[in-house]
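Heads up: the sequence shown at position 405 corresponds to 423 in our numbering, and the numbers run straight through without jumps.
Everything on this sheet refers to the single structure shown next.
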Amino acid sequence: MYNKSIAELAKGLRSGQFSSVELTTAFLDRIKQHTALNAYITVTEDLALQAAKAADIRLTKGDAELLTGIPMAQKDIFCTEGVKTSCGSKMLDNFIAPYNATVVDKFNSAGAVMLGKLNMDEFAMGSSNETSYYGPVKNPWAINNVPGGSSGGSAAAIAARLAVCATGTDTGGSIRQPAALCGITGLKPTYGRVSRYGMIAYASSLDQGGPMTRSAEDAAIMLQTMAGFDPKDSTSVDLPIPDYSAGLNNSLEGLKIGLPKEFFGEGLNADVAATLEAAINEYLKLGAKITEISMPSLKLAIPAYYVIAPAECSANLSRFDGVRFGYRCENPVDLADLYTRSRGEGFGKEVKRRILMGTYALSAGYYDAYYIKAQKIRRLISDDFNNALAEVDVIMGPVTPSTAFGIGEKIGNPIEMYLSDIYTIAINLAGLPAMSVPAGFAKALPVGLQIIGNYFSEDKLLNIAHQYQQVTDWHTQTPKGFE
Ligand code: GLN
């Protein structure tokens, strides 16, 4: 039951093989068995069973959708009405959201069953899930290793079969990097494809929610529900939404794949490189053609991101002041003390580091030197992608420079941690869609292949990933102890 796809489960629910209440109970039991992974911050057992009962009624009435009755989970960055929404922070440990994020509303209307809220790096700042106020998540493939971040809870939960599918968000790699390190499929849509309303903001010009699943086929179903214009999000885009599942079986004959030489140079672990080479060979067998390309501005992505993202976060996080919601310090002596201590005690170290960096970069004397300069680099990076995507259909490369590293290994060295997103961050700066697809193992740890496409080409990416998943079985592998 845990290893079935959304379509298979939907079939089982319709044929009466099992009910949504039974399916949901089975997943809730499994979550209790595997609390050591620390994938969930909140398990909403009662709400889940209520939703499952409602789904069963809908299924008998015959007006069910594919996701009706399917147990899934939300990253704890999405506001859920009446349910704690912590964003992985002490600052919001007491915050019960008064409304639903648009994405949550959409899953609820589809009749999906929310099992709970998933662990994540504090305010989505991190690449290892170690900055969470609720403690690190463990990688089901190697319990002493990180699952990646910031959507580490989502990735670990899917890999361990503690939910059928989950949401994630990606500001610089947070869907793709944990998907790669946990051996699952993750899709970061084009900026504007999925509403950000009710998704707690980190860096608003980069943040984008997307599906985290075992297969591309499941991701297509999830994205179908998540995508679309939202009048409540001024940056969401009003474009038709293709039928993502219908496009999965197109042939890849003649597909032009670009491999940027900057993605395969120094810094990429040799075992990861060898695994990716084998994956790319599969694409050749499927009829694709390879072109080597060059994207000279890619090397500037990390420095540009670590000016832009902190700048935006310093503005976004100013709302957490101890006054309206969230953590408030004990016995403040005056207003300044209330602000200072509430923020000082409520935020963790990495979040404070980002606020400091961002405030500095935006300050009067440094704005031109850092912020404006970073925005110019952002344009150069987009131009590199636009030029490349005029020549090839998609770009492929690694998601991460190495496989899952040890818990504690990088947390003391921010620069080294920031480098784990070296292959993902540029895509957010350009606003493009990209996927991480399970592509094999290096020393028994999962490796992800990144597929980057043009704006709003999610249908094409899903098709390309699905075709690969028809001839490989990496995405169906289960970590030991979680079969
Ligand atoms: N690791 C990156 C950061 O810490 C990206 C995080 C994300 O995508 N939310 O900013």
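Built from N, CA and C at the ideal position, the CB exists for glycine as well.
Residue i - partner residues in DSSP beta bridges
i           : result
residue 185 : 229
residue 310 : 277
residue 391 : DSSP lists no partner for residue 391.
residue 92  : 135
residue 60  : 135
residue 290 : Beta-bridge pairing links residue 290 to no other residue.
residue 19  : BP columns for residue 19 are empty, so no partner.
residue 49  : Beta-bridge pairing links residue 49 to no other residue.
residue 464 : 459
residue 452 : 206 and 470
residue 413 : 276 and 470
residue 101 : 98
residue 424 : 163
residue 445 : BP columns for residue 445 are empty, so no partner.
residue 217 : 96
residue 212 : 245
residue 114 : 102
Rounded Cβ spacing between residue i and residue j (contact assumed at less than 8 Å)
i           : j           : result
residue 500 : residue 178 : 5 Å
residue 90  : residue 182 : 6 Å
residue 451 : residue 206 : 6 Å
residue 441 : residue 417 : 6 Å
residue 412 : residue 275 : 6 Å
residue 502 : residue 75  : What the structure shows of the chain is the stretch from 19 to 501, and residue 502 is not part of that stretch, so it cannot be assessed.
residue 118 : residue 105 : Wrong, their Cβ atoms sit about 15 Å apart, outside the cutoff.
residue 465 : residue 421 : 6 Å
residue 109 : residue 372 : With 8 Å as the limit, residue 109 and residue 372 do not qualify as a contact, their Cβ atoms being about 13 Å apart.
residue 487 : residue 201 : Their Cβ separation, rounded to whole angstroms, is 12 Å, which puts residue 487 and residue 201 out of contact at 8 Å.
residue 390 : residue 448 : That pair is no contact at about 18 Å.
residue 204 : residue 475 : Contact doesn't hold; Cβ gap of about 16 Å is too wide.
residue 188 : residue 226 : 6 Å
residue 216 : residue 196 : In fact, because the Cβ distance is near 22 Å, the residues do not count as touching under 8 Å.
residue 347 : residue 220 : Going by Cβ atoms, the distance from residue 347 to residue 220 rounds to 24 Å, so no, they are not a contact pair.
Short Cβ contact (8 Å threshold) for residue i with residue j
i           : j           : result
residue 146 : residue 375 : no
residue 263 : residue 237 : no
residue 191 : residue 172 : no
residue 55  : residue 174 : yes
residue 39  : residue 425 : no
residue 228 : residue 259 : no
residue 471 : residue 461 : no
residue 120 : residue 213 : yes
residue 19  : residue 62  : no
residue 159 : residue 497 : yes
residue 467 : residue 297 : yes
residue 344 : residue 366 : no
residue 327 : residue 224 : yes
residue 266 : residue 235 : yes
residue 232 : residue 176 : yes
residue 99  : residue 116 : yes
residue 430 : residue 277 : no
residue 184 : residue 93  : yes
residue 86  : residue 30  : no
residue 253 : residue 210 : yes
residue 457 : residue 286 : no
residue 325 : residue 379 : yes
residue 166 : residue 198 : yes
residue 256 : residue 247 : yes
residue 114 : residue 218 : no
Cβ of residue i within 8 Å of any chain B Cβ
i           : result
residue 475 : This model lacks chain B altogether, as it is built from one protein chain only.
Within the chosen definition, does the segment 313 to 326 reach the segment 477 to 486 through at least 3 CB pairs nearer than 8 Å? no
What beta strand (DSSP E) runs, 3 residues minimum, are completely inside the segment 116 to 197? 131 to 136 and 183 to 187
Length-filtered (3 minimum) beta strand (DSSP E) runs lying within the segment 232 to 264: none
On the three-pair Cβ rule with 8 Å, is the segment 285 to 299 touching the segment 372 to 386? With a cut-off of 8 Å, the segment 372 to 386 and the segment 285 to 299 do not count as touching, because too few Cβ pairs lie within range.
Which ranges does the alpha helix (DSSP H) cover as unbroken runs of at least 4 residues, wholly within the segment 313 to 398, from first to last along the chain? 319 to 334, 353 to 364 and 367 to 380
For the 8 Å Cβ check, are there 3 or more pairs between the segment 48 to 64 and the segment 131 to 140? Pairwise C-beta distances place the segment 48 to 64 in contact with the segment 131 to 140, as three or more of them are shorter than 8 Å.
Are three or more beta carbon pairs between the segment 294 to 310 and the segment 328 to 344 nearer than 8 Å? The segment 294 to 310 is not in contact with the segment 328 to 344.
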